[in-house]
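Right, one structure below, let's go through it.
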Amino acid sequence: MNNIANTTIELIVNNHPGVMSHITGLFARRAFNLEGIICGEIEDGSKSRMYLLVKDDDRLEQIIKQIEKLYDVLEVTLREDYDHTIFNR
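Per the working numbering, residue 24 is the first one in the sequence shown, and the count goes up by one each step.
Printed below as a string of structure tokens:
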């Protein structure tokens, strides 16, 4: 059994077709599984807030650096204290 803890990455991104694909593709290309995704529009609909539930392993710091380089990603915050049970609803 895998005892690696989960953590949440919060993203603020531009809201247009293809953004989710770019972000999830980055994870897929690095064989980094997304345990959960929650996404919704914010502000006037031009941006979205995404919560990504991931395993907190030794690759996490590197993948965050890569996410920050994506053009449509405006903010990245690691939410270690986030209540992960919201992903179970």
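In this text, a Cβ means the ideal position worked out from N, Cα and C, and glycines have one as well.
- Within a 10 Å sphere around the beta-carbon of S71 sit 16 or more other beta-carbons, which makes this residue buried.
- Straight across, the Cα-Cα distance linking M73 with G59 is about 10 Å.
- CA-CA distance, R82 to Q89, rounds to 11 Å.
- In this structure, the straight-line span from the alpha carbon of N29 to that of E103 is close to 8 Å.
- Beta bridge pairing from DSSP links L34 with M73, V99.
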